[in-house]
Amino acid sequence: VQLQASGGGLVQPGGSLRLSCVVSGTIFTINTMGWYRQAPGKQRELVAVATNGGRKTYSDSVKGRFTISRDNARNTVYMQMDSLKPEDTAVYYCNLEQGVRNYWGKGTQVTVSS
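So, in structure tokens, the structure goes:
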């Protein structure tokens, strides 16, 4: 299984970015895809995840600003990030959970700064 993320970058506060992650390899029908992030000096934390059935979970810090979506036919997960804040600055990691295993992509840097 491989996960390829894209879409990070530098944006001003209040701006938007869209992250994408394409998953390839053996993918189970039942799975959860999503995004985690890790800021300097902090632990990795859940940002948003979505099951293949459509159930979505968001961290309180991004509710109402970030939107996760999936294209199951393309094995791709997206995250639209609006109203970005400096505290959203982090390396964002794509994740696939299936069975008892977790798979991670290489991170993509998101920097929110004026």
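The opening position of the sequence shown corresponds to residue 359 in my numbering, with each subsequent residue numbered one higher.
The C-beta atom is built at its ideal place from N, Cα and C for all residues, glycine as well.
Please read these numbers as outputs of a predicted model, since none were measured by experiment.
Point to revise | Alpha-carbon spacing of Asp401 relative to Arg395, whole angstroms | key: The sequence shown places Gln at residue 401, rather than the Asp named in the question. When rounded, the separation of the alpha-carbon atoms in Gln401 and Arg395 is 8 Å.
Practice item. Could you say if the stretch 359-376 and the stretch 401-419 meet the contact criterion of at least three C-beta pairs nearer than 8 Å? Key: Contact fails: fewer than three Cβ-Cβ distances are below 8 Å.
Exercise for review: With a threshold of 16 other CB atoms inside 10 Å of the CB of Ile426, please say whether the residue is buried or exposed.
Suggested key: When all chains shown are included, Ile426 counts as buried.
Practice item. Would you decide whether Asn460 is buried or exposed? Buried here means 16 or more other CB atoms lie within 10 Å of its CB. Key: By the 10 Å Cβ count, Asn460 comes out exposed.
Review point. Could you check where the beta strand (DSSP E) with Ala406 kicks off and where it finishes?
Key: Run containing Ala406: 403-409, per the beta strand (DSSP E) assignment.
Review point. From which residue to which residue does the beta strand (DSSP E) around Lys464 run?
Key: That residue, Lys464, is in no beta strand (DSSP E); it is neither H nor E in DSSP.
Point to revise | Own chain, CB closer than 6 Å to Gln370, minus 5 neighbours either side, in chain order | key: Only Ser472 meet the Cβ criterion.
Practice item. Take Gln456 and list the residues in its own chain whose beta-carbon comes closer than 6 Å to its own, dropping the five residues that flank it on each side. Key: Listed in chain order, the non-local C-beta contacts of Gln456 below 6 Å within the same chain comprise Phe386, Asn389, local neighbours out to five positions each way being set aside.
Review point. For the beta strand (DSSP E) that Lys414 lies in, which residues bound it at each end?
Key: Looking at the DSSP string, the run of the beta strand (DSSP E) that includes Lys414 is 414-416.
Review point. Can you give the Cα-Cα distance for Thr384 and Arg432, rounded to whole angstroms?
Key: Looking at the two C-alpha atoms, the distance is approximately 13 Å.
Point to revise | Cβ-Cβ separation, Val468 to Leu375 (assumed contact under 8 Å), whole Å | key: Confirmed, about 6 Å.
Practice item. Keeping to the same chain, check which residues put their C-beta closer than 6 Å to that of Val381; ignore five residues upstream and five downstream. Key: Within the same chain, Val381 has close Cβ partners Leu361, Asn433, Leu454.
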